Amino acid sequence: MRLSIFFLASLVFCLIGGFTSSFDTPNLDNTTLKGKPFNNITLELSLKPFKKNDKTYIQDVAKELFTQWHALLRHTDTVSVMLWTSDGSEILDYKGSLTQPLEWARYIGNPNTNHEVGSGPKALSLHERAYIYMENPPKFTYGDLKYIIQTLKETGRRITGKPILIGATFDPGPEFAKSDFKYKKHPEILGGNAMGHKTMVSCYATLNADQTPYAGFPKGIPANTPFGTFLGRQSQHFLKDLGYDYIWLSNGFGFGVEGWSSTGATFTGTAFQPEKLPDIKAKITNFWNLFRKECPDFQIQTRGTNLSTGADLARDGVDLQQIYGGKYNMLPPPNSPWAALDGDFGLEMVGYMSRMAELPDERYLFRYYTHDPWWVNSPWLDRYGQEPHDIYLPMSVARINAKGEIKLPTHLNFLTADNSYGELPTQVPDEVTPHILKARYDSPTAPGPLVWVYPFEEYHRWAYTQPKRIEEIYYGDWLIRQAINNGFPLNTVVSTRSFQKVITNNPSFFNESVLVSIVPEAGSAYEKQLISFVERGGKVLIYGPADEASETFQQLLNLKNAPALEGEFTLKSSIITDILNQKAPDKIIHAALFSGGGVRSTVASSANDTRVLAQMTQGSHSRDVVWVREAPEWNGGKIAYVRGTNSSKFTGGKLLTPDDPEKLFTGPLLLRYVLKEFGWDYRLDKRDPSVKNPVLTISRGSNGFFLSGYCPNTTLTHRFKLPQGAPLLTGYETELEKGYSVYHLPKAWHRESRFFVEQTDGIISCQEMTSGVEHMKRCVRLTGLKNATVRIYPDDHVSEKDLRVYTNTRYPWKSGSTPFKLGDKKYGKHYVVENVSGELVAFW
């Protein structure tokens, strides 16, 4: 009844002129849309909201879907709806008849278990038995599905004024709908174990003979038919006949066999098997080629795995470089939605960045988890608790392409618009949309303070030409994953190949950033560029083993390799660490299998330009694991080396298990601690090592700094000191302590900082206000200054003549005008006011 009233009211509103025929921006001088628009926004949807197989009801649901999201859809060129109709078996089972009954995802839980739907003991979980989502759900045919697709296209076009695309989905697993094809007729295609033994379809499986006629195989399936051939041909018929525009391959399908686990076809958890890589590469490539031969033109979109480029390559033979280079008209995998389930935002960020370092073209997407239509959870409302950390953190990520352009996601997906009961709660788009738009408004426009120079090409080459380095390939991404989970503020990525082109064309492009890199390949062009960058005054943080380092790069680092050690060590460190109520453990475990080999690194000579900050000792042996070098002839350049210990291992679960922080030191913390050497100092006060650390990103947008965070534990105290001074978060107060700005922050936060102060102590407030002056758009007041140096970072377009600074005065600003000067260019474009006490107001 409530739904009907809404539609009636909407109709009346439209009739009296409340809506135009489109939500496109009116052609008015006073109407502006901030932020870079998306090329495409996708609303993912199951069939559950269509609770009646009635044309009017179907039309009403379509109207509600597009109306709910209209405030966001005006920020895109194209709108898509991706239909989670079944589990992909609707494609496999399709016989070419629109009167064929449709098995669709009308379940909650897993319908492909030993227990029939709705049966079995009450103690069974949803992963062990499924329920029907409503009493007497409607029955659909393929023809009904075609009508739903047509209705979505027509209704969406009418309401949004945008082109509407409809996507089909194929999932390799047992979720969503019953699949006799996968689990009864053709179990030979199963390989992965993500949801039990042999539960996931392998993309490089072959089919046994089957006499059943199918749309693409009217005489049945011949024995040994490659699954890629069958799925491709069936998809071509299905997509064309029903009016789809593209297909989504879900849950790692097409990217190996084991999409969710830290082990796979080439890693057992106890040993790597690099000899299998060429065969697996050929099989995966063969799948893509076979699929494309049968289904040549429909765009492919992909979910990918839950892991990262290097880890996927080393553990499951996923050659992303080969897949990207195949010219398959595909979109790369987005960020994994699993951070919502397990809180592992480091893994989400590493996977997202490593997969976008190189791309098939300039397109990539961000995907956000609003509802789950199968497993009785709506992440925005429950898992996230209506907190936007999984919006602001990944949306602060940017890639730098070979032209030196900051590239943002072109596509935005929502999984899903409906919940497990087929409801479309308006609360979710109403609450989520402002955060998405705010994150887009504040998107990066320049490299962040830390730039990950990702070895995309090197990893893929080493896997086949230097197979002994497969441990190193696996380890690197896991180390960065744990570092991010412990507050390492990394959110900009560029590939080694793109870096070389950018730095050649613009040698100063990364001058405000610290490059984060593995030891470069010996004798490579990248090695030469990295050395030159340091010698010209650049800042570089090197991580990982240096076993294969060239003599030239060893000299740059002042490094020599000793015999490898592993096992338990004592960590001795002079690095300033987080402040704990109890002493942090000084024992650390370095497992060679999970840390790119044993520890071999030592400082070659005790030169005055090199300072050792941390050592690991084992009996009478010691290894230097953190040091910095700053040679006088480098024009201010500095290089830091962190050998790195993964501090996690395989214990039989899906992901590597981190060491107990109360008993063992967490090695990846050293990556954050060493940033103080570059002026980027972020420390925490907490009760003990078991209190989980925050995830932090610092991005640069329109000359400002945007800090975004997620605090698993809000009892923490955060201390910041950046090269420019203590950052002041707009809208907050801080009590300075020893030059640090100190904050107590909520579960999720996203704040701008355009003011930095050098001041020892005192309470400072940084608040937005109105200037009351014509043509001034921003005005910020600082209070509590004591003989402070203030650095001001106005928007990109603001010049010296556009900035106004006043001290200790109020509107109408007839006195108190304060001089300022252009700041040191090594800190970027900014202005400095010195020796300020009391209040300062800046507007532009």
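The sequence shown begins at 13 in our numbering and counts up by one. For every residue, glycine included, the Cβ atom is placed at its ideal position computed from N, Cα and C. For clarity, every value in this text was computed on a predicted model and none was experimentally measured.
| Query | Result |
| --- | --- |
| So, with DSSP's three-state summary, where would you put LEU757? | coil |
| Kindly confirm or deny that the region 115-122 and the region 383-397 touch, where touching means at least three C-beta pairs closer than 8 Å. | yes |
| Taking all protein chains shown into account, do 16 or more other C-beta atoms lie within 10 angstroms of the C-beta of HIS198, making it buried, or fewer, making it exposed? | buried |
| Taking C-beta to C-beta, are SER829 and TYR685 nearer than 9 Å? | no |
| What's the gap between the Cα of SER720 and the Cα of PRO49? | 21 Å |
| Can you tell me whether ARG304 is buried or exposed, with buried defined as 16 or more other CB within 10 angstroms of its CB? | buried |
| Please report whether the beta-carbon of THR125 lies at a distance below 9 Å from any beta-carbon of chain C. | Looking for chain C here will not work: only one protein chain is present. |
| Report buried or exposed for LYS190, applying the criterion of at least 16 other Cβ atoms within 10 angstroms of its Cβ. | buried |
| Around the C-beta of GLN223, are 16 or more other C-beta atoms found within 10 angstroms, so that it is buried, or is it exposed? | exposed |
| Helix, strand or coil, according to DSSP, for MET407 in the structure here? | helix |
| Heavy atom of the ligand SAH less than 8 Å from the Cβ of SER829, yes or no? | This structure simply doesn't include the ligand SAH, nor any ligand for that matter. |
| Could you have a look at ALA221 and say whether DSSP puts it in helix, strand or coil? | coil |
| Applying the 10 Å Cβ sphere with the 16-neighbour rule, what's the burial state of ASP291? | exposed |
| When burial is assigned at 16 or more other CB atoms within 10 Å of the CB, is HIS633 buried or exposed? | exposed |
| Distance, Cα to Cα, TYR805 vs GLN736? | 10 Å |
| Kindly indicate which residue of VAL546, THR782, VAL810 has the alpha-carbon position closest to the one of VAL528. | VAL546 |
| Put HIS87 into one of helix, strand or coil per three-state DSSP. | coil |
| What is the residue span of the beta strand (DSSP E) that HIS633 lies within? | 633-641 |
| Hey, out of SER753, CYS778, SER520, whose CA is closest to LYS838's CA? | SER520 |
| Given a cut-off of 9 Å on the beta-carbon distance, is the pair THR865 and SER702 in contact? | Outside the shown range of the chain, which is 13 to 856, sits residue 865, and nothing can be said about it. |
| Which one or two residues does DSSP pair with GLN594 in a beta bridge? | DSSP lists no partner for GLN594. |
| Alpha carbon to alpha carbon, how far is TYR381 from LEU420? | 19 Å |
| Check whether the region 841-854 touches the region 791-806, taking contact to mean three or more Cβ pairs, one atom from each stretch, closer than 8 Å. | yes |
| Quick check on MET365: buried or exposed, where buried means 16 or more other Cβ atoms within 10 Å of its Cβ? | buried |
| Taking Cβ to Cβ, would you say PHE182 is nearer than 9 Å to ASP257? | no |
| Under 6 Å Cβ to Cβ from ALA326, same chain only, skipping five residues before and after it: list those, please. | ILE482, ILE485, TYR486 |
| Express the C-alpha separation of ALA537 and THR782 in angstroms, rounding to a whole number. | 52 Å |
| Report the three-state DSSP secondary structure of PRO441 (helix, strand or coil). | helix |
| Check for me: the beta strand (DSSP E) holding ASP693 runs from which residue to which? | 693-698 |
| Quick one: any contact between the region 560-574 and the region 585-598, if contact means 3 or more CB pairs under 8 Å? | no |
| Would you tell me roughly how many angstroms separate the C-alpha atoms of LEU202 and LEU219, rounded to the nearest one? | 10 Å |
| Return the CA-CA distance between LYS675 and ALA603, expressed in angstroms with no decimal places. | 16 Å |
| Can you tell me whether GLY232 is buried or exposed, with buried defined as 16 or more other CB within 10 angstroms of its CB? | exposed |
| Can you tell me which of the three DSSP states ALA283 falls into? | coil |
| Are the CB atoms of ARG315 and TRP392 within a distance shorter than 9 Å? | no |
| Which residue comes first and which comes last in the beta strand (DSSP E) that contains GLN630? | 622-630 |
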